[in-house]
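Chemist:
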Amino acid sequence: MSFPKGFLWGGAVAANQLEGAWLEDGKAPNVTDIMVGIGSRDPGLKWNEETGKWEMCLDPNKVYLSHEGIDFYHRYKEDLALMAGMGFNCFRTSVAWGR
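Under my numbering, the residues of the sequence shown are numbered 228 to 326, in order.
1. Could you have a look at E251 and say whether DSSP puts it in helix, strand or coil?
2. Need the endpoints of the alpha helix (DSSP H) that G312 sits in, please.
3. Spell out the partners DSSP gives E282 in its beta bridges.
4. Mapping DSSP to helix, strand and coil, what is A242?
5. State the beta-bridge partners of R319 as determined by DSSP.
6. At which residues does the alpha helix (DSSP H) containing S293 begin and terminate?
In C-alpha cells, the structure reads:
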C-alpha cells in the first residue's frame, strides 16, 4: 500500500485534553474544568444562596485532568518539535472557550 504524494500525517487533540494552565492568563473556567471523569455525578459547582451565584467547589482529593493536561500551554514548542520528529506534517487542536 502506498500513500499519495502530499498525504497529511498528523494528529488531533482537544484543548481540555492537553492545555493545562487552567486558570492562567485570564482563562475563565469551563465545564471540563469541573469534571473528574466521564459520567461523574460530582457537579463541581454549588449554588450560593447569599450571592445568588454558582461557585466552584472543587474537591482537593480528586483529580481534574484538564487542570494539568499535558501542559501544552507551556510546552507547545517542545511538543511540536516532537511531533515534527515523528514525521507529522499537520496538527489540529482547539483553544479552550475560556481563553
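Glycine is no exception: its CB is placed at the ideal position from the N, C-alpha and C atoms.
Modeler: With the structure as the only source:
1. coil
2. 299 to 312
3. K273
4. helix
5. A239
6. 292 to 295
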